[in-house]
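Protein chains: 2
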Amino acid sequence: MTTVPAAPIPDPQPPEVAEVTTIACVGIGTIGGGWAAYFLSRGYRVQAWDPSPEAGDRVRALIDAAWPALTQLGLAEGADPHAISVHTDLAEALDGAQFVQESAPEVLEMKQQLLADIDAHAAPGVIIASSTSGYSMTEMAVDAASPERLVVGHPFNPPYLIPLVEVVGGEQTSPAAVAWVSAWYEHLGKSVITMDHEVPGFIANRLQEALWREALHMVDNGEATVEQIDRSITDGPGLRWPLQGPMLTFHLAGGPGGMAHMLDHFGPSLKSPWTRLEAPELTEELRGAVVAGCDDEADGRTVPELVAQRDQAIIAVRQVIEQLRRGSAA
Amino acid sequence: MTTVPAAPIPDPQPPEVAEVTTIACVGIGTIGGGWAAYFLSRGYRVQAWDPSPEAGDRVRALIDAAWPALTQLGLAEGADPHAISVHTDLAEALDGAQFVQESAPEVLEMKQQLLADIDAHAAPGVIIASSTSGYSMTEMAVDAASPERLVVGHPFNPPYLIPLVEVVGGEQTSPAAVAWVSAWYEHLGKSVITMDHEVPGFIANRLQEALWREALHMVDNGEATVEQIDRSITDGPGLRWPLQGPMLTFHLAGGPGGMAHMLDHFGPSLKSPWTRLEAPELTEELRGAVVAGCDDEADGRTVPELVAQRDQAIIAVRQVIEQLRRGSAA
Numbered sequence: 001m002t003t004v005p006a007a008p009i010p011d012p013q014p015p016e017v018a019e020v021t022t023i024a025c026v027g028i029g030t031i032g033g034g035w036a037a038y039f040l041s042r043g044y045r046v047q048a049w050d051p052s053p054e055a056g057d058r059v060r061a062l063i064d065a066a067w068p069a070l071t072q073l074g075l076a077e078g079a080d081p082h083a084i085s086v087h088t089d090l091a092e093a094l095d096g097a098q099f100v101q102e103s104a105p106e107v108l109e110m111k112q113q114l115l116a117d118i119d120a121h122a123a124p125g126v127i128i129a130s131s132t133s134g135y136s137m138t139e140m141a142v143d144a145a146s147p148e149r150l151v152v153g154h155p156f157n158p159p160y161l162i163p164l165v166e167v168v169g170g171e172q173t174s175p176a177a178v179a180w181v182s183a184w185y186e187h188l189g190k191s192v193i194t195m196d197h198e199v200p201g202f203i204a205n206r207l208q209e210a211l212w213r214e215a216l217h218m219v220d221n222g223e224a225t226v227e228q229i230d231r232s233i234t235d236g237p238g239l240r241w242p243l244q245g246p247m248l249t250f251h252l253a254g255g256p257g258g259m260a261h262m263l264d265h266f267g268p269s270l271k272s273p274w275t276r277l278e279a280p281e282l283t284e285e286l287r288g289a290v291v292a293g294c295d296d297e298a299d300g301r302t303v304p305e306l307v308a309q310r311d312q313a314i315i316a317v318r319q320v321i322e323q324l325r326r327g328s329a330a
Numbered sequence: 001m002t003t004v005p006a007a008p009i010p011d012p013q014p015p016e017v018a019e020v021t022t023i024a025c026v027g028i029g030t031i032g033g034g035w036a037a038y039f040l041s042r043g044y045r046v047q048a049w050d051p052s053p054e055a056g057d058r059v060r061a062l063i064d065a066a067w068p069a070l071t072q073l074g075l076a077e078g079a080d081p082h083a084i085s086v087h088t089d090l091a092e093a094l095d096g097a098q099f100v101q102e103s104a105p106e107v108l109e110m111k112q113q114l115l116a117d118i119d120a121h122a123a124p125g126v127i128i129a130s131s132t133s134g135y136s137m138t139e140m141a142v143d144a145a146s147p148e149r150l151v152v153g154h155p156f157n158p159p160y161l162i163p164l165v166e167v168v169g170g171e172q173t174s175p176a177a178v179a180w181v182s183a184w185y186e187h188l189g190k191s192v193i194t195m196d197h198e199v200p201g202f203i204a205n206r207l208q209e210a211l212w213r214e215a216l217h218m219v220d221n222g223e224a225t226v227e228q229i230d231r232s233i234t235d236g237p238g239l240r241w242p243l244q245g246p247m248l249t250f251h252l253a254g255g256p257g258g259m260a261h262m263l264d265h266f267g268p269s270l271k272s273p274w275t276r277l278e279a280p281e282l283t284e285e286l287r288g289a290v291v292a293g294c295d296d297e298a299d300g301r302t303v304p305e306l307v308a309q310r311d312q313a314i315i316a317v318r319q320v321i322e323q324l325r326r327g328s329a330a
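Sequences listed follow chains A and B, in order.
Here my numbering is used: the first residue of the first sequence is 1, the next is one more, and so on.
Here my numbering is used: the first residue of the second sequence is 1, the next is one more, and so on.
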């Protein structure tokens with residue numbers, strides 16, 4: 001028996017990140033339109049494609065609604081909310097574009113066809129990113145001639161305000177394309193998480209989904225109301241999470257001993273029936289990975305220093321939220 | 001066969017909420033000390049009990065560290081950070097107290113013994129709340145002579161900054177005691193969730209725990225690093241959660257059709273392998289409860305209005321967090 005060696009994945013050789021001036025947005029609903037608003041705010045020219053005859057008016061309204069927020073966060077020099085053209089012809093929208101962001105509806109067959117069409121029309125070397133939240137690029141790229149340049153770039157809603165973008169390639173994606181698109185989003189000011197391999201739901205949505213399913217079970221069983229679930233987050237752990245994520249939060253819960261103390265002390269509670277999700281075995285290896293990860297994140301800051309930073313953040317966040325609530329009630 | 005009727009639960013007849021001036025804090029570690037700082041900031045006198053000889057110095061340091069934050073959030077008239085006495089004799093700490101907050105370590109036998117002792121020494125009618133995060137009052141109250149006045153009042157760390165308190169009684173707790181302690185915490189300015197029945201982990205910790213376990217699985221399987229998990233929350237959904245909880249977040253994701261549209265459209269994704277936690281069946285009843293709950297929370301605000309409020313909150317939260325990060329890096 002002989003093994004056929006896999007063909008090497010070609011490097012698409014994209015343009016320099018800093019040389020990009022024109023972006024194609026394929027699909028300009030809530031997500032694609034949000035991307036368009038963001039790209040405009042960063043000073044790029046946008047060529048949009050959307051089959052709907054109302055797409056132009058809708059994206060205009062979306063950009064106009066988003067612009068004050070984008071201005072508040074700071075526009076790039078020369079940013080122009082009108083530097084966008086809307087096309088119903090795909091080749092026209094892709095003409096001259098040096099990067100493509102696809103944000104079509106979450107229908108696999110549609111994504112497969114559209115990515116193949118984009119690939120057929122985009123200039124050689126141009127990277128094509130998909131906003132998909134539900135599919136892997138391995139599934140979506142099956143009909144494309146150059147899957148090496150197709151990458152997932154999954155934003156969060158609204159893409160012009162939430163910094164997170166999750167980047168991951170498919171089996172046929174070139175590592176150079178993954179690296180390029182990560183560098184590109186970072187150049188745009190995004191907070192980029194580059195994943196090594198495809199995981200359904202990526203990272204943030206997996207975590208959100210676990211919480212959401214537990215919440216649905218609680219409503220289903222009469223254990224909590226919708227309002228109680230929401231308030232348990234907004235007035236509880238939700239106040240800590242904009243500064244410190246769930247891991248670092250528990251690092252602080254361990255006191256001066258940090259995550260190591262926390263796991264040794266509260267490890268047994270992993271077996272408590274506090275959620276319907278079964279916990280992994282707390283092996284030495286897992287313990288070590290979590291402790292080392294928290295130490296990396298703490299980056300020399302002691303637990304008391306992190307606590308002081310958390311407390312300042314909670315106060316500041318509470319104050320801005322209370323101001324906004326008073327304002328909207330007035 | 002005859003059924004022995006359960007003895008009626010007596011009403012403990014606590015004092016008027018507004019008449020409370022003196023509080024006993026039993027156990028003054030991180031949680032109990034945090035409660036003490038909060039009670040002092042609200043203008044109460046605190047009598048603390050702790051068996052550790054260092055407890056007095058530790059709680060002094062904790063209160064002094066917390067006081068600037070409490071001052072920033074606004075002190076009650078006459079609030080005095082020194083209006084606290086620390087005792088090693090339990091009866092002395094309870095003498096004259098009109099409310100008791102127990103915050104001993106999470107060891108069931110210790111809690112059972114301590115709650116029985118508190119119950120034996122506290123004046124009649126005084127309500128006794130436990131900060132437990134892990135036990136039900138039904139389990140903890142077994143040795144107490146008057147379980148009708150024992151209630152769980154579960155805070156979040158740090159109790160002087162996070163508004164949430166979860167309140168739930170045990171099988172022998174008087175509904176009047178549950179109502180009293182809810183009214184009392186609200187009087188103190190807390191955000192109170194009163195649960196109808198005991199659920200392991202209460203609400204916020206169940207939700208947190210589902211997310212935490214999914215995160216541990218991801219680390220265990222090499223699907224994400226600790227840093228990626230934290231950043232996926234801080235730079236992603238964590239920015240939305242201080243204003244709008246997970247339910248209302250998805251209400252907005254449904255567009256103008258809100259949660260109803262969201263469930264009808266994305267309901268099938270409940271079956272996607274986006275977390276290891278199995279989803280409940282999306283029955284008409286569950287759908288109805290979730291949609292009605294979101295409508296109640298929206299309280300007449302349209303989805304575009306909620307979106308505008310969310311966007312303002314994200315901008316404000318991002319700005320304060322970025323300011324704090326720049327400040328701590330300086």
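Using N, Cα and C, we set each Cβ at its ideal position, and we do this for glycine too.
- At a beta-carbon threshold of 8 Å, none of the residues of chain A lie near Q113(B); the nearest stands roughly 21 Å away.
- Put simply, of R240(B), E284(B), S272(B), P273(B) the residue whose alpha carbon is nearest the alpha carbon of A260(B) is E284(B).
- In this structure, I203(B) is the residue among T225(B), V219(B), I203(B), V226(B) with its C-alpha nearest to the C-alpha of V219(A).
- Look at W241(B) here: in three-state DSSP terms it is coil, with no helix or strand label.
- Between A129(B) and M137(B), the alpha-carbon positions lie close to 10 Å from each other.
- Taking 9 Å as the cut-off, the Cβ atoms of L239(B) and A210(A) do not count as close.
- Closer than 9 Å to the CB of R240(B) there is at least one CB belonging to chain A.
- One Cα belongs to L73(A), the other to A7(A), and the distance between them is close to 46 Å.
- Taking a C-beta distance under 9 Å as the contact criterion, A177(A) and P12(A) qualify as a contact pair.
- At a cut-off of 9 Å between beta carbons, T138(B) makes no contact with chain A.
- DSSP places E106(B) outside both helix and strand once states are collapsed to three, so it counts as coil.
- For R45(A), the enclosing beta strand (DSSP E) starts and ends at 45–49.
- Runs of the beta strand (DSSP E) spanning 3 or more residues and lying entirely within the stretch 104–177 of chain B occur at 127–130, 150–155, 164–169, in chain order.
- The beta carbon of S41(B) is closer than 6 Å to those of L70, L75, A79 in its chain, skipping five residues each way along the sequence.
- The continuous alpha helix (DSSP H) containing T71(B) extends over residues 55–73.
- For the pair W241(B) and T234(A), the CB atoms are nearer than the 9 Å cut-off.
- Of the candidates H121(B), V17(B), M262(B), L108(B), H121(B) places its Cα closest to the Cα of E92(B).
- With respect to chain A, the C-beta atom of I127(B) has no partner C-beta closer than 9 Å.
- When rounded, the separation of the alpha-carbon atoms in L108(A) and L263(B) is 19 Å.
- In this structure, the straight-line span from the alpha carbon of L306(A) to that of V291(A) is close to 15 Å.
- L243(B) and A313(B) have their C-alpha atoms spaced approximately 7 Å apart.
- Contact between the stretch 163–174 of chain B and the stretch 192–207 of chain B is present, with at least three C-beta pairs closer than 8 Å.
- In the pairwise beta carbon analysis, the stretch 181–188 of chain A is classified as not touching the stretch 184–198 of chain B: fewer than three pairs are separated by under 8 Å.
- DSSP, reduced to helix, strand and coil, places S272(A) outside both helices and strands of the structure shown, so it counts as coil.
- Per DSSP, T194(B) is one residue of the beta strand (DSSP E) stretching across 191–194.
- Around the beta-carbon of D50(B), 16 or more other beta-carbon atoms lie within 10 Å, marking it buried.
- V86(A) and G56(A) do touch by the CB rule: their CB atoms are close to 4 Å apart, below 8 Å.
- Around G153(A), the same chain offers Q101, A129, S130, S131, V165, E166, V167, V181, Y185 as residues with beta carbons nearer than 8 Å, after the five sequence neighbours per side are excluded.
- Residue contact with chain A for V219(B): present (Cβ-Cβ distance below 9 Å to some residue of chain A).
- DSSP, reduced to helix, strand and coil, places H251(B) within a helical segment of the structure shown.
- Contacts between M262(A) and chain B, judged by CB atoms closer than 7 Å, are missing: the closest CB pair is about 11 Å apart.
- In the assembly as shown, M247(B) is a buried residue. Its beta-carbon has 16 or more other beta-carbons within 10 Å.
- Across the stretch 301–330 of chain B, CB contacts with chain A closer than 9 Å involve R301, P304, E305, V307, A308, Q309, R310, D311, Q312, A313, I314, I315, A316, V317, R318, Q319, V320, I321, Q323, L324, R325, G327, S328, in sequence order along the chain.
- Within 8 Å of the CB of G201(A), the CB atoms of chain B belong to S272, P273, W274, T275, in sequence order along the chain.
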